[in-house]
Structure formats: C-alpha cells, structure tokens
Amino acid sequence: MSAVNDSLVITRRNLIRMGRIPEMIIFGLVQPIMFVVLFTYVFGGSIQVGSSTSTQAYREFLMAGIFAQTVTFATAGAGAGIADDMHKGLIDRFRSLPMARGAVLTGRTLADSVQTALTLVVLAVVALIVGWRTHENLGKVLAGFALLLLLGYAFSWIGALIGLSVRTPEAATSGGLIWLFPLTFISNAFVDANQMPGFLRHIAEWNPFSATVQACRELFGNLPPGFQTPDAWPMQHPVWASLIWSVVIILVFRTLAVRKYRRAGG
543 MSAVNDSLVI TRRNLIRMGR IPEMIIFGLV QPIMFVVLFT YVFGGSIQVG
593 SSTSTQAYRE FLMAGIFAQT VTFATAGAGA GIADDMHKGL IDRFRSLPMA
643 RGAVLTGRTL ADSVQTALTL VVLAVVALIV GWRTHENLGK VLAGFALLLL
693 LGYAFSWIGA LIGLSVRTPE AATSGGLIWL FPLTFISNAF VDANQMPGFL
743 RHIAEWNPFS ATVQACRELF GNLPPGFQTP DAWPMQHPVW ASLIWSVVII
793 LVFRTLAVRK YRRAGG
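Rendered as structure tokens:
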C-alpha cells in the first residue's frame, strides 16, 4: 500500500504539471487531428478496404488505426518527460526520499495514461464530426477504448526505459519516435494488410499494434464490407491477442525500466 500511495502522489504531481503547461496537451492533439483530416479527405475513396473504395468505409476503417497510433506515439512524450526530469536532477531528489523505487516511473506512466485518455476523448469527437460512426453497443465501444488505453500504458513503459537510457530529452524524443513509424505503418492501421507483399503481411499480422487495431474495428463494428480477416491467430482472436501483447509488454519493460532506475540510483 505504501508503494501504491507513493505512485499516486507522483501521478498527482505530473498531472498538476501538465495542467500548468496546457500546450503539452494542445500540441499532442494537433498531430492526430491532422492525420484524421488528411487521411480522410486526401486518401479516402482512393484506398480499397475489403470490397469497397467508398470514403465512408475507409473513414470507419481508418479511425481505429488513428486511435492506436495516437496512444502509441505518446511513448515519445513519456520518454522525453523522464529524460527531462533526469536532466534537471529531479529524479535524484526523488531517490533521496523514503519512497518505493518504482513509484516514480509508475506515477509518470499513470499520468501519461490520463493525458492519453483526454486526447482520445477529443479525437473521438473530431472523428464523429468528420463522419466516423460505431455500429456496436456501448459496452463493446468502451471495451475498444479500454484496449487502446492498455496499449498506450504498455508502450509508456517502453518510453520510460528509453528516457532512462539517454542523456537528453531531445534524444528521448527521437529515440521514442524512430521505431514507432515502421511499427505503425507496417500494420493494418491505414491499409488492408491482405494487400501487402507476403513477408510484410506476416509482420503486420503479428504486430502487437495490429492486434489492437483489429480488435477495435471489431468492437466498434468498423470492419468494411467484404473484408477478409487474415488467417493468422492474432487477427482471428484480436481481443485476446491485444490483451496478451499489452500485458507481456508491461511485464517486460516495467521490469527493465525499474531495474534501470535502481541501477542508476545505486
């Protein structure tokens, strides 16, 4: 309980900091909104998904990918924030206090999850404005957003490890983004993976990012007409695959990040 309390204190500290710097949230919204508008009106109607090339079909197909991309791109912000705290010596001050070692990182990742949730709410409103609709009951829709938040929380631990491993916030931002672009684009986020070359298709089908995107499309009722679900196990059971991938990422990278933090503290 002491460790939980310490984590909540750090979470509150980070949320207060975010509230005092609103441009952090505003700038975090600009990119996903731009992606929604550009992909909807520039590529909509030009990309075939399933048996349809209609703008509406692609718009609904696209949004799960945009949501997933948004929560994973928050990784860079998490890494930069921790690197900035390291650079300013704030982490050293935390280490001098009688508190749980993992609380600093847990509090940071929880605060990032709250920011991600707010971003998703705004992004969902923008998506509704441009014509995105869900076709399942409220429970399934909320389950889809819960999977997105779990994926974002899992990836924030990757960001935490990156932030502890570099010397400057700039390096953390670059290190947090450079691997995310191939991860998100070699997936089913923006195009039908069935149309990819063989070796890329297999990578996309087993991509943890793709599992969450496919799960959200099913839970939102956004699979386009004539869409053929790939035979790969993660695509046939995307909800379970998304849960398994997210839990595994959390277990692995939380362990590595806390170990890195303790080692640096020693």
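Count the sequence shown with the numbering used here and you get residues 543 to 808, in order.
Here a beta-carbon is modelled for each residue, glycine too, at the ideal position from N, C-alpha and C.
Which of helix, strand or coil DSSP assigns to residue 672: coil
Quiz item: residue 591 by DSSP, collapsed to three states: which one?
Solution: strand
Subject >> Test item: CB-CB of residue 623 and residue 551 under 8 Å >> reply: no
Problem - 7 Å Cβ shell around residue 721 - same chain, five flanking residues per side excluded - result: none
Quick one, which of 765, 742, 657 and 754 has its alpha-carbon nearest residue 565's? 657
Mind checking which residues open and close the alpha helix (DSSP H) that includes residue 677?
-> That residue, residue 677, is in no alpha helix (DSSP H); it is neither H nor E in DSSP.
(Q) Do residue 676 and residue 603 have their beta-carbon atoms positioned less than 8 Å apart in this structure? (A) no
Q. So what's residue 560 in DSSP terms, helix, strand or just coil?
A. helix
Taking only runs of the alpha helix (DSSP H) that begin and end inside the region 737-767, which ones reach a length of at least 4 residues, in chain order?
740-747 and 750-762
key: C-alpha distance - residue 759 paired with residue 775, whole-angstrom precision   = 16 Å
Problem - Stretch pair the region 558-573 + the region 700-718: three plus CB contacts closer than 8 Å - result: no
Inset, instruction - State the Cα-Cα distance for the pair residue 752 and residue 700, rounded to the nearest angstrom. - result: 18 Å
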